[in-house]
Amino acid sequence: MVQHSKDSNGKGTERADHKRAHHGIHHSRPFYGYPRITVALKKEGFCINHKRVYRLMKDMNIQSIIRKKRRYFGRKASVVLPNQLN
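If you read the sequence shown in our numbering, its first letter stands for residue 983, the second for the next number, and so on.
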């Protein structure tokens, strides 16, 4: 039976790198939630799961800013017609 030793230093530095990159993305784009941050981290070359990103956000007390919904008041200009009773 082969026993594998766990390298605790590798995991610690990997988590620190993830946190650093995560924090940078959050500061540059505060409207990003965990799905978009996951995509951004993957584009930077990190192999990370969305569940881990969610967990890191909870641990670091990071929440995305929810944008205010914009209401659309689509109105056409009223047309005044001439009096047709005459």
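Cβ atoms here follow ideal geometry from the backbone N, Cα and C, with glycine treated the same way.
Under 8 Å, do residue i and residue j count as touching if we go by C-beta distance?
i, j, result
"Phe-1028", "His-1005", "no"
"His-1032", "Tyr-1054", "no"
"Ala-1003", "Leu-1023", "yes"
"Ile-1019", "Val-1035", "yes"
"Ile-1044", "His-1008", "yes"
"Phe-1013", "Arg-1052", "no"
Are there 16 or more other CB atoms within 10 angstroms of the CB of residue i, so buried, or fewer, so exposed?
i, result
"Val-1061", "exposed"
"Thr-995", "exposed"
"Leu-1038", "buried"
Under the three-state reduction of DSSP, which class applies to residue i: helix, strand or coil?
i, result
"His-986", "For His-986, the pLDDT reaches just 48, beneath the cut-off of 50, and the residue's location in the model is therefore unreliable, although a value from the coordinates is still provided. In the structure shown, His-986 sits in coil (DSSP, three-state: anything other than H, G, I, E or B)."
"Lys-1024", "helix"
"Gly-994", "helix"
"Tyr-1016", "helix"
"Met-1039", "helix"
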